[in-house]
Each structure stands twice: as C-alpha cells, then as structure tokens.
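Asker: So the protein lines, in turn, are chains A and B. Sequential numbering from 40 applies to the first sequence in this note's numbering. Sequential numbering from 68 applies to the second sequence in this note's numbering. All residues carry an ideal CB built from backbone N, CA and C; glycine is no exception.
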Amino acid sequence: GAVVSQHPSRVICKSGTSVKIECRSLDFQATTMFWYRQFPKQSLMLMATSNEGSKATYEQGVEKDKFLINHASLTLSTLTVTSAHPEDSSFYICSAAPTTVATNEKLFFGSGTQLSVL
Amino acid sequence: GENVEQHPSTLSVQEGDSAVIKCTYSDSASNYFPWYKQELGKGPQLIIDIRSNVGEKKDQRIAVTLNKTAKHFSLHITETQPEDSAVYFCAAVPNTGFQKLVFGTGTRLLVSP
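If you want it as structure tokens, here you go:
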C-alpha cells in the first residue's frame, strides 16, 4: 500500500526555537497534503491543507505565521513550527492522497511527530 | 457543516468476542466513510472504507455497514485479538475532497487475552 513517511518521530526543543517536520509520499505523488494536530486522547484536528506549488490553506484559528507550510514538490511537504512555546507541544500528523485517484478516495497518514517544547 | 458522532468512547472485550463501533453523520453530501486504526504514538492507518452506493463491505475479520437513510455506519470486528487493541476513528468525507474530512471522536478498544 501507499506509504507516507514523516520525520522526525519525536523532537524536544527549547522554547523560542523553530522545528521543521517533513512529510513524504514514498511511492505516489500527492498534489495535496494535510497537516493535523492531535492532543492526548482526542481526535485529529485539521490545521491546514498544503498544495504543491501554491500557498497553504489554513483552518480558522491556526496562525499561518506560526505554522509555516511549504509544499515544494509532489512528494514533500514541510511544517515549520516557528518560535515554539510549551503550548505548541502536541502530536502532529500529516496525510496525503494520491493525485491519480478521485478527490476523496484513499487518504494515507504519516506516523506522526511528537513535539515537546520545554 | 458535517458532524460525526462516535460511540462508544471505550470498549472492552474478551479475545474472540466481536466488537461493534457506531458512527452517525449529519451531512447527506458525505459519500465516503473510512475507518482508521491508531496505535499509541503512531498515525492513523486506513483499515476499511465504504462509499455511499454500497451497503456493506467486508475484509476478513473486519466489516463496515452503512445505512444512508439513517445516516449511520458501523465497524464490526469479529474474533477479536489482543493486537486489535487500539483507538479507532470513523470519518465522513464529501465528494469535494479530504479538506472537508470530519473525524469521529474515537473509540478505545481493549481486547483482553
């Protein structure tokens, strides 16, 4: 099946620093990727939709200057948490849908990144 | 917008028993209903899905049923095994794309040996 690789799986950083998370589709191309945030024992909340070659679309309440998204190729999207603070600590997950299938057919998730900001 | 309710929030069964998780949705425009299994510290894994033009789909020990009229769909796991223990999420997606995907609140399934 389709594989979405996400790195790093875990990162600990100091408050005020920036952290970059990578999301790669390994065996398919994805025009669109999605970034989610998940708090303990809660469901996934969509943060933004990443579109290859264009600006990301952010959900209401998500600061675009705080969570920078770059989708430079059909297989790679990155999320950078800028000037991270303890309240940004969370589990971040990306997902991707193969470009060759219909708009809502098959969505695959990365393994997630646990961010801890000290 | 779409609202997906999922029950129960926790479910404990003995190994070999069946487990059923139920979801309801509100938006009749939703036409794709995936189910995901999430193990601790990992991303969700698609385990089965169903489209609105199908009433039931089965894959080995896992089956999903959809009642489009009542707007509810269910996940059925038979002959449960300890490795089935995880959090399961249902979701509803309209034909406009995954940016409108709405997850249920999750069900923590515990299968005891």
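(1) For Lys109 of chain B and chain A, any beta-carbon pair shorter than 8 angstroms?
(2) Pop quiz: Lys105 of chain A and Thr121 of chain A are said to be a contact at Cβ under 8 angstroms. What is the actual Cβ separation, rounded to whole angstroms?
(3) Need the endpoints of the beta strand (DSSP E) that His139 of chain B sits in, please.
(4) By Cβ distance, which residues of its chain are closer than 6 angstroms to Pro161 of chain B, with the 5 residues on each side in sequence left out?
(5) Apart from the five residues on each side of it in sequence, which residues of its chain come closer than 7 angstroms, Cβ to Cβ, to Met72 of chain A?
(6) Is Phe78 of chain A buried or exposed, if buried means 16 or more other CB atoms sit within 10 Å of its CB?
(7) From the beta carbon of Pro180 of chain B, is the nearest beta carbon of chain A less than 8 angstroms away?
(8) Quick check on Ala95 of chain A: buried or exposed, where buried means 16 or more other Cβ atoms within 10 Å of its Cβ?
(9) Check the DSSP bridge columns for Val154 of chain B and list the partner residues they point to.
(10) Considering only the beta carbon of each residue, do Leu107 of chain A and Ala69 of chain A sit closer than 8 angstroms?
(11) What residue from B:Ala158, B:Val169, B:Glu150 has the CA that sits closest to Leu107 of chain B's CA?
(12) Quick one: which residues of the region 113–130 of chain B get their C-beta closer than 7 angstroms to a C-beta of chain A? List them in chain order.
(13) Exposed or buried, Gln45 of chain A, counting other C-beta atoms within 10 Å across all chains shown (16 or more means buried)?
(14) If you follow the beta strand (DSSP E) that Arg63 of chain A is part of, which residue opens it and which one closes it?
(15) For the region 139–171 of chain B, enumerate the residues whose C-beta is nearer than 8 angstroms to any C-beta of chain A, in chain order.
(16) What residues in the region 106–125 of chain A have a beta carbon less than 9 angstroms from any beta carbon of chain B?
Answerer: To lay it out plainly:
(1) Closer than 8 angstroms to some Cβ of chain A, the Cβ of Lys109 of chain B qualifies, so yes.
(2) That pair is a contact at about 6 angstroms.
(3) Boundaries of the beta strand (DSSP E) harbouring His139 of chain B: 139–144, taken from the DSSP string.
(4) Ala96, Ser97, Lys167, listed in sequence order.
(5) For Met72 of chain A, where only same-chain residues beyond five positions count, the Cβ hits under 7 angstroms are Cys62, Ser89, His110, Ser116, Cys133, Ser134, Ala135.
(6) With fewer than 16 other Cβ atoms within 10 Å, it is exposed.
(7) For Pro180 of chain B, the answer is no, since every Cβ of chain A falls outside 8 angstroms of its Cβ.
(8) By the 10 Å Cβ count, Ala95 of chain A comes out buried.
(9) Note: Val154 of chain B sits in a beta bridge opposite B:Gln105, B:Arg175.
(10) Contact flag unset, no.
(11) Nearest neighbour of Leu107 of chain B by Cα position, chosen from B:Ala158, B:Val169, B:Glu150, turns out to be B:Glu150.
(12) Here the close residues are Leu113.
(13) Using a 10 angstroms sphere on the CB of Gln45 of chain A, the tally of other CB atoms reaches 16 or more, which defines it as buried.
(14) First-last of the beta strand (DSSP E) with Arg63 of chain A: 58–64.
(15) For the region 139–171 of chain B, which is checked against every Cβ of chain A, the residues closer than 8 angstroms are Phe156, Val160, Pro161, Asn162, Thr163, Gly164, Phe165, Gln166, Leu168, Phe170, Gly171.
(16) The region 106–125 of chain A vs chain B, Cβ under 9 angstroms: nothing.
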